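Undergrad: Residue 235 is where the sequence shown ends in the numbering used here, and the numbering goes up by one at each step. Even glycine gets a Cβ: it sits at the ideal position worked out from N, Cα and C. In this text the structure is predicted, and so the values were computed from the model without any measurement. I am attaching a structure below and will ask some questions about it afterwards.
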Amino acid sequence: MFRILLFSLLMVGVLSCQNLEPRRPINKQKQNFLKESAKRNKNIIAIEQTLFRQAIQREEKLSFESTPQGFWYAYQKKINSNGSYPKKGDRVTFRYRIEDLNKNLLYNEKELGEISFFVDQEDLIPALREGVKYLRLGEIGVFLFPSYLCYGYQGDGEKIGINQPLRFTIELLKLEKK
Numbered sequence: 058m059f060r061i062l063l064f065s066l067l068m069v070g071v072l073s074c075q076n077l078e079p080r081r082p083i084n085k086q087k088q089n090f091l092k093e094s095a096k097r098n099k100n101i102i103a104i105e106q107t108l109f110r111q112a113i114q115r116e117e118k119l120s121f122e123s124t125p126q127g128f129w130y131a132y133q134k135k136i137n138s139n140g141s142y143p144k145k146g147d148r149v150t151f152r153y154r155i156e157d158l159n160k161n162l163l164y165n166e167k168e169l170g171e172i173s174f175f176v177d178q179e180d181l182i183p184a185l186r187e188g189v190k191y192l193r194l195g196e197i198g199v200f201l202f203p204s205y206l207c208y209g210y211q212g213d214g215e216k217i218g219i220n221q222p223l224r225f226t227i228e229l230l231k232l233e234k235k
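Written as structure tokens, this is what we have:
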């Protein structure tokens, strides 16, 4: 009896030490969804970049430059000084307006008011957080922002549509260093 019990335990021990192969995902729809979503987003970005090039060609007085974040900017008013750019923790105050890429006004400075925030420390749409970093005190910049830095796939529910690239004009009014 003891031998049978010992033999049974030994067999269970040997059989339980087999290498188990991990299970493959059963739901492949999620993988397809992610691939399709990435493809759709790449197409949107390509379309927006084409729209930016067209908008830049229509601009006669401004000289636009691209940024690593995917937006374009130009100075409407440039200050030739050694003033510094805003850095993380600095408090900035600015006013801005929002237009579509054809310069149709969506929101003016009065509607939006002056905004004051600490750079990279407060919640604000990415377009504004990144845009003010390219301005010195007193400068006015024109920015062409892709939809993913603005209101994205939702829009604002009023004047800004779904996946709409926008033209912001930002004036830096105050810069208080950290």
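Which of helix, strand or coil does DSSP assign to VAL176?
TA: As a working mapping, residue 176 is identified with position 119 in the sequence shown. Here VAL176 sits in coil by DSSP.
Undergrad: Distance, Cα to Cα, ILE61 vs LEU91?
TA: For the purposes of this step, residue 61 is identified with residue 4 of the sequence shown, where counting begins at 1. For the purposes of this step, residue 91 is identified with residue 34 of the sequence shown, where counting begins at 1. Those two C-alpha atoms are separated by around 55 Å.
Undergrad: Could you name the residues of the same chain whose beta carbon sits closer than 7 Å to that of TYR210, not counting the 5 residues immediately before and after it, in chain order?
TA: For the purposes of this step, residue 210 is taken as the residue at position 153 of the sequence shown. Closer than 7 Å at Cβ, skipping near neighbours: ILE219 and ASN220.
Undergrad: Taking just the CA atoms, how far does VAL176 sit from THR124?
TA: Locating residue 124 in the sequence shown gives position 67, where the first residue counts as 1. Locating residue 176 in the sequence shown gives position 119, where the first residue counts as 1. The alpha-carbon atoms of THR124 and VAL176 are separated by roughly 18 Å.
Undergrad: Nearest to LEU158 by CA position, among GLY140, ILE182 and TRP129, is which residue?
TA: Taking the sequence shown and counting its residues from 1, the one referred to as residue 158 is at position 101. The option with the nearest alpha carbon to LEU158 is TRP129.
Undergrad: Less than 6 Å between C-beta atoms, sequence neighbours within five positions excluded: which residues of the same chain meet that for LEU192?
TA: Taking the sequence shown and counting its residues from 1, the one referred to as residue 192 is at position 135. Correct list, in chain order: GLY198 and LEU229.
Undergrad: So, is GLU122 buried or exposed, given that buried needs 16 or more other C-beta atoms within 10 angstroms?
TA: As a working mapping, residue 122 is identified with position 65 in the sequence shown. GLU122 is exposed by the Cβ-count criterion.
Undergrad: List the residues that DSSP assigns as beta-bridge partners of GLY140.
TA: If you number the sequence shown from 1, residue 140 lands on position 83. DSSP, once it has assigned bridges, lists no residue as partnering GLY140.
Undergrad: Which partner residues does ILE155 have in the DSSP bridge list?
TA: Along the sequence shown, one-based indexing puts residue 155 at 98. Paired residue(s): TYR164 and PHE225.
Undergrad: Excluding the five sequence neighbours on either side, which residues of its own chain have a C-beta within less than 8 Å of the C-beta of LEU169, listed in chain order?
TA: Within the sequence shown, numbered from 1, the residue matching residue 169 stands at position 112. ARG152, TYR153, ARG154 and ILE155.
Undergrad: CA-CA distance, LEU162 and ASN100?
TA: Start at 1 with the first residue of the sequence shown, and residue 162 comes out as number 105. Start at 1 with the first residue of the sequence shown, and residue 100 comes out as number 43. Within the model, the alpha-carbon separation for LEU162 versus ASN100 is close to 26 Å.
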